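The structure appears right after this line, and notes come after that.
4 protein chains.
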Amino acid sequence: MTACISARELEEAGAVLAAESARFASFGWMRGTSGNLSMVLSRAPLRLAVTASGHDKGELTPRDVVLVDGQGAAVHGGRPSAEAELHARVAALTGAGAVVHVHTVASVAMGRREPGGIVFRDLEMLKGVGQPAHDVEVTLPVIANSQDMSELGDRLEAARNPGMPAVVVAGHGLYVWGADPRQARHHTEVVEWLLELELFRR
Amino acid sequence: MTACISARELEEAGAVLAAESARFASFGWMRGTSGNLSMVLSRAPLRLAVTASGHDKGELTPRDVVLVDGQGAAVHGGRPSAEAELHARVAALTGAGAVVHVHTVASVAMGRREPGGIVFRDLEMLKGVGQPAHDVEVTLPVIANSQDMSELGDRLEAARNPGMPAVVVAGHGLYVWGADPRQARHHTEVVEWLLELELFRR
Amino acid sequence: MTACISARELEEAGAVLAAESARFASFGWMRGTSGNLSMVLSRAPLRLAVTASGHDKGELTPRDVVLVDGQGAAVHGGRPSAEAELHARVAALTGAGAVVHVHTVASVAMGRREPGGIVFRDLEMLKGVGQPAHDVEVTLPVIANSQDMSELGDRLEAARNPGMPAVVVAGHGLYVWGADPRQARHHTEVVEWLLELELFRR
Amino acid sequence: MTACISARELEEAGAVLAAESARFASFGWMRGTSGNLSMVLSRAPLRLAVTASGHDKGELTPRDVVLVDGQGAAVHGGRPSAEAELHARVAALTGAGAVVHVHTVASVAMGRREPGGIVFRDLEMLKGVGQPAHDVEVTLPVIANSQDMSELGDRLEAARNPGMPAVVVAGHGLYVWGADPRQARHHTEVVEWLLELELFRR
Numbered sequence: 000m001t002a003c004i005s006a007r008e009l010e011e012a013g014a015v016l017a018a019e020s021a022r023f024a025s026f027g028w029m030r031g032t033s034g035n036l037s038m039v040l041s042r043a044p045l046r047l048a049v050t051a052s053g054h055d056k057g058e059l060t061p062r063d064v065v066l067v068d069g070q071g072a073a074v075h076g077g078r079p080s081a082e083a084e085l086h087a088r089v090a091a092l093t094g095a096g097a098v099v100h101v102h103t104v105a106s107v108a109m110g111r112r113e114p115g116g117i118v119f120r121d122l123e124m125l126k127g128v129g130q131p132a133h134d135v136e137v138t139l140p141v142i143a144n145s146q147d148m149s150e151l152g153d154r155l156e157a158a159r160n161p162g163m164p165a166v167v168v169a170g171h172g173l174y175v176w177g178a179d180p181r182q183a184r185h186h187t188e189v190v191e192w193l194l195e196l197e198l199f200r201r
Numbered sequence: 000m001t002a003c004i005s006a007r008e009l010e011e012a013g014a015v016l017a018a019e020s021a022r023f024a025s026f027g028w029m030r031g032t033s034g035n036l037s038m039v040l041s042r043a044p045l046r047l048a049v050t051a052s053g054h055d056k057g058e059l060t061p062r063d064v065v066l067v068d069g070q071g072a073a074v075h076g077g078r079p080s081a082e083a084e085l086h087a088r089v090a091a092l093t094g095a096g097a098v099v100h101v102h103t104v105a106s107v108a109m110g111r112r113e114p115g116g117i118v119f120r121d122l123e124m125l126k127g128v129g130q131p132a133h134d135v136e137v138t139l140p141v142i143a144n145s146q147d148m149s150e151l152g153d154r155l156e157a158a159r160n161p162g163m164p165a166v167v168v169a170g171h172g173l174y175v176w177g178a179d180p181r182q183a184r185h186h187t188e189v190v191e192w193l194l195e196l197e198l199f200r201r
Numbered sequence: 000m001t002a003c004i005s006a007r008e009l010e011e012a013g014a015v016l017a018a019e020s021a022r023f024a025s026f027g028w029m030r031g032t033s034g035n036l037s038m039v040l041s042r043a044p045l046r047l048a049v050t051a052s053g054h055d056k057g058e059l060t061p062r063d064v065v066l067v068d069g070q071g072a073a074v075h076g077g078r079p080s081a082e083a084e085l086h087a088r089v090a091a092l093t094g095a096g097a098v099v100h101v102h103t104v105a106s107v108a109m110g111r112r113e114p115g116g117i118v119f120r121d122l123e124m125l126k127g128v129g130q131p132a133h134d135v136e137v138t139l140p141v142i143a144n145s146q147d148m149s150e151l152g153d154r155l156e157a158a159r160n161p162g163m164p165a166v167v168v169a170g171h172g173l174y175v176w177g178a179d180p181r182q183a184r185h186h187t188e189v190v191e192w193l194l195e196l197e198l199f200r201r
Numbered sequence: 000m001t002a003c004i005s006a007r008e009l010e011e012a013g014a015v016l017a018a019e020s021a022r023f024a025s026f027g028w029m030r031g032t033s034g035n036l037s038m039v040l041s042r043a044p045l046r047l048a049v050t051a052s053g054h055d056k057g058e059l060t061p062r063d064v065v066l067v068d069g070q071g072a073a074v075h076g077g078r079p080s081a082e083a084e085l086h087a088r089v090a091a092l093t094g095a096g097a098v099v100h101v102h103t104v105a106s107v108a109m110g111r112r113e114p115g116g117i118v119f120r121d122l123e124m125l126k127g128v129g130q131p132a133h134d135v136e137v138t139l140p141v142i143a144n145s146q147d148m149s150e151l152g153d154r155l156e157a158a159r160n161p162g163m164p165a166v167v168v169a170g171h172g173l174y175v176w177g178a179d180p181r182q183a184r185h186h187t188e189v190v191e192w193l194l195e196l197e198l199f200r201r
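Protein chains in written order, with numbering that gives the first Met the number 0: chain H, 0 to 201; chain U, 0 to 201; chain C, 0 to 201; chain A, 0 to 201.
What follows is the structure, given as structure tokens:
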């Protein structure tokens with residue numbers, strides 16, 4: 000079982016991820032060189048394009064991307080973020096085709112206020128993550144941060160709400176996923192909107 | 000009585016609505032794929048151009064628009080949002096030539112704080128929705144959300160303040176209308192400004 | 000004593016004011032069609048270019064400007080805002096070469112909290128309006144709103160702090176002035192920054 | 000020991016600083032004409048390019064830059080900001096290759112709340128300034144403001160935390176440094192993000 004991802008395929012994925020990154024960076028969600036985005040290029044074996052580490056996320060080029068396997072290790076060289084392992088795990092676990100990891104102020108602020116999980120209810124915007132707008136409590140899990148990606152992955156797997164394509168990592172930021180980069184973008188925008196709203200809770 | 004709306008007319012309306020959508024999206028008022036805009040193309044029978052459902056509202060093209068009748072049903076195919084019915088009803092009820100529906104954080108946050116209606120008073124900005132700037136209380140109605148557009152329309156009709164071209168749908172967002180897309184834009188900006196101000200009320 | 004302002008001079012002023020307006024509009028300080036800007040073209044007799052009323056302040060062209068006299072009346076036709084009278088009065092009273100009137104949320108929110116005037120102290124940013132950064136209290140006056148420009152002008156004249164090129168009109172917005180449009184811009188940015196800071200006062 | 004900085008070298012540095020300034024200005028961190036940026040061009044003797052005083056920081060050209068020595072005095076003419084002296088001192092003291100001075104609302108608001116220093120802990124974003132994300136308290140020093148750059152420099156030197164490339168000047172703004180303009184930018188974004196987060200502390 001081999002995955003032949005051509006350089007061109009990888010660069011096309013890099014162009015998509017660079018555009019999505021620039022968009023999130025313009026919102027202030029990737030300050031410094033924080034955050035990273037990925038896109039699944041093959042399922043069996045699992046291969047993802049992940050944005051390269053250490054770059055300004057508003058200035059990526061189509062080549063600032065690394066091909067990684069299901070453990071987040073580089074397949075053909077390059078320097079993926081340590082978090083590539085978690086991207087790969089989210090893709091394997093959820094079947095997502097794209098994963099967004101951003102550092103938003105609202106996610107960290109709300110994660111502090113509601114360390115046991117952030118509950119939303121009766122909000123039309125919940126439909127944007129596939130939930131009903133009425134009469135149902137939807138929890139966005141909050142998990143403790145770790146530098147051990149395997150530990151962080153275990154926490155994500157244990158805490159994950161199948162009805163919510165996102166997890167807050169306390170003191171850190173947001174992981175969000177979707178079928179493709181555009182859906183992952185929309186899920187990210189919806190979850191961030193929900194968090195910004197709840198900051199106004201009294 | 001027939002309404003002959005040419006493909007070109009519809010596409011011209013689509014270009015206007017795409018530009019207005021991109022503007023609102025840049026403000027963060029149409030996160031995910033939320034919200035929709037419409038423009039009346041004929042009064043008798045009522046025909047509106049409504050933005051197509053499911054698209055990113057910052058990336059619409061002039062063709063991402065559907066022609067609907069007074070019940071919000073597609074006249075020549077395409078997939079209007081379920082909310083097209085409410086757009087048509089607002090246009091019929093108020094005589095408006097354009098309707099804006101956006102999901103702003105301020106409208107949902109203030110709708111939660113003031114579920115009985117949000118009262119403004121002594122604000123120059125009220126002139127932007129045709130009200131006096133002094134000594135008059137102006138109420139922005141808040142109605143309960145529903146997935147039944149007919150029920151939501153009844154609530155809007157019952158709660159509507161003839162002196163305020165807008166309604167907050169609780170847990171959902173804002174409907175605003177005007178004589179044409181530009182006036183609807185200005186009304187939307189004014190109402191949102193008023194809501195953002197009131198979030199600072201102590 | 001006559002003031003011969005050529006059509007070209009007026010249009011050049013219009014180009015400057017259109018660019019300044021677009022800038023302020025991009026900050027959200029001129030929502031709807033609110034606010035207006037002016038520039039002195041002649042001192043004796045007093046002649047100002049004032050942005051035309053009713054336009055979107057992000058979309059002005061160099062021609063969307065009216066020549067007014069010291070009473071704010073149109074010299075060669077066109078429709079100045081009623082507030083042109085106040086612009087002219089500020090220019091006469093203070094010697095300013097440019098006047099900015101914007102509707103910012105922070106100015107109205109702070110005017111509500113501190114109706115007797117907003118006091119700043121020990122802030123480096125005060126140097127941006129010509130004040131010392133240390134040990135001096137600087138008051139930004141707040142005056143009651145009025146639709147009578149003559150009354151509003153009397154209040155501004157009575158309340159004005161010669162050491163602060165700005166006044167908050169309660170429930171309305173901000174008047175700021177400077178030697179030329181660029182200095183008026185900088186004064187506006189400084190005053191708005193100070194107001195946004197004070198919203199965090201506990 | 001002489002430092003021969005060519006006009007071309009200085010202008011190249013000016014182009015970099017103009018681009019960085021425009022970026023920070025677009026975030027609202029350099030309102031009015033506030034703030035200044037610098038870049039080390041030679042170490043022995045110390046020579047820095049510093050943005051010229053009094054200009055709009057969103058409109059600098061590559062020539063709006065002054066060459067200064069280790070005391071912040073102009074080497075070949077031009078008008079450096081008085082703060083150039085502090086830039087030079089930070090560069091000498093820390094070995095930084097670039098210094099950013101911006102006036103952010105969050106830095107002044109948090110400096111008021113925590114005049115003894117702002118403590119961060121358990122935040123992934125701390126890695127962006129070279130600190131661990133867990134179990135360590137990291138203090139961002141707050142020093143009193145002064146118009147005497149020598150006094151301000153003494154305070155910075157005395158209060159400086161070697162593990163934090165930034166200092167808040169109370170009632171004034173933020174000094175941040177890094178190995179080069181890009182790293183200084185990233186440090187600035189990270190520190191500002193941390194401050195914006197802490198404004199949500201209850």
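Using N, Cα and C, we set each Cβ at its ideal position, and we do this for glycine too.
Predicted, not measured: the structure shown is a model, and the values here were computed from it.
Under a three-way DSSP split, which group does residue i fall into?
| i | result |
| --- | --- |
| MET0 (chain C) | No answer about MET0 (chain C) holds up, because its pLDDT of 48 lies below 50 and its placement is not dependable. |
| LEU193 (chain U) | helix |
| PRO180 (chain A) | helix |
| MET202 (chain C) | Given that chain C is displayed from residue 0 to residue 201, the structure contains no residue 202 (chain C) and the question cannot be resolved. |
| THR187 (chain A) | helix |
| LEU151 (chain H) | helix |
| THR93 (chain U) | helix |
| ARG120 (chain U) | strand |
| GLY172 (chain H) | strand |
How is the beta strand (DSSP E) around residue i delimited, first residue to last?
| i | result |
| --- | --- |
| GLU113 (chain C) | From DSSP, GLU113 (chain C) is part of no beta strand (DSSP E); its letter is neither H nor E. |
| ALA100 (chain U) | Note on residue identity: the sequence assigns His, not Ala, to residue 100 (chain U). 97 to 101 is the span of the beta strand (DSSP E), which, as asked, contains HIS100 (chain U). |
| THR138 (chain C) | 136 to 139 |
| VAL166 (chain U) | 165 to 168 |
Assuming residue i contacts residue j under a Cβ cut-off of 8 angstroms, what Cβ separation, rounded to an integer in Å, is found between them?
| i | j | result |
| --- | --- | --- |
| GLY162 (chain A) | GLN130 (chain A) | 6 angstroms |
| HIS75 (chain U) | ASP63 (chain U) | Wrong, their Cβ atoms sit about 15 angstroms apart, outside the cutoff. |
| ALA12 (chain C) | ALA48 (chain C) | 4 angstroms |
| HIS186 (chain H) | ALA165 (chain H) | 6 angstroms |
| GLY34 (chain A) | PHE23 (chain A) | 7 angstroms |
| GLY177 (chain A) | ALA105 (chain A) | Rounded, the Cβ-Cβ distance is 19 angstroms, inconsistent with contact. |
| MET148 (chain H) | VAL101 (chain H) | Going by Cβ atoms, the distance from MET148 (chain H) to VAL101 (chain H) rounds to 17 angstroms, so no, they are not a contact pair. |
Which residues of chain A have a Cβ atom closer than 7 angstroms to the Cβ of residue i, listed in chain order?
| i | result |
| --- | --- |
| ASP134 (chain C) | Per Cβ cutoff of 7 angstroms: no residues; ASP134 (chain C) is ~11 angstroms from chain A at best. |
Just the chain C side, please: which residues come within less than 9 angstroms of residue i by C-beta, in chain order?
| i | result |
| --- | --- |
| LEU122 (chain U) | VAL107, ASN144, GLY170 and HIS171 |
| PHE199 (chain U) | VAL104, ALA105, VAL107, ALA108, MET109, ARG111, ARG112 and LEU198 |
Could you tell me which of the options sits nearest to residue i, measuring between CA atoms?
| i | options | result |
| --- | --- | --- |
| SER41 (chain C) | C:ARG154, C:ALA87, C:GLY77 and C:PHE23 | C:ALA87 |
| VAL190 (chain A) | A:THR103, A:ASP179, A:ARG112 and A:ARG111 | A:THR103 |
| ALA83 (chain U) | U:ILE4, U:GLU8 and U:ARG46 | U:ARG46 |
| GLN70 (chain A) | A:ALA81, A:GLY77 and A:THR60 | A:ALA81 |
| LEU198 (chain U) | C:ALA108, C:ALA73, C:GLU197 and C:TRP176 | C:ALA108 |
| ALA14 (chain A) | A:GLU156, A:VAL39 and A:THR60 | A:THR60 |
| VAL175 (chain H) | H:ASP121, H:MET38, H:VAL67 and H:ARG112 | H:MET38 |
| GLY170 (chain U) | U:ALA157, U:LEU151 and U:ASN160 | U:LEU151 |
| ALA51 (chain A) | A:THR93, A:GLU10, A:ARG159 and A:ILE117 | A:GLU10 |
| PRO79 (chain H) | H:ALA90, H:ALA91, H:VAL89 and H:LEU66 | H:LEU66 |
| PRO114 (chain U) | U:MET124, U:ILE4, U:THR138 and U:THR93 | U:THR138 |
| ASP134 (chain A) | A:PRO180, A:GLY110 and A:VAL118 | A:VAL118 |
In the DSSP assignment, the alpha helix (DSSP H) including residue i goes from what residue to what residue?
| i | result |
| --- | --- |
| ARG7 (chain C) | 6 to 25 |
Who are the neighbours of residue i on chain H, taking C-beta pairs under 7 angstroms?
| i | result |
| --- | --- |
| LEU196 (chain A) | VAL104, VAL107 and ALA108 |
| VAL189 (chain A) | ARG30 and GLY31 |
Residues of chain H with CB under 8 angstroms from residue i, in chain order?
| i | result |
| --- | --- |
| HIS86 (chain A) | Those within 8 angstroms of HIS86 (chain A) in chain H number zero; the least Cβ separation is about 21 angstroms. |
If the cut is a Cβ gap below 8 angstroms, which residues of chain U does residue i touch?
| i | result |
| --- | --- |
| THR32 (chain C) | GLY127 and HIS185 |
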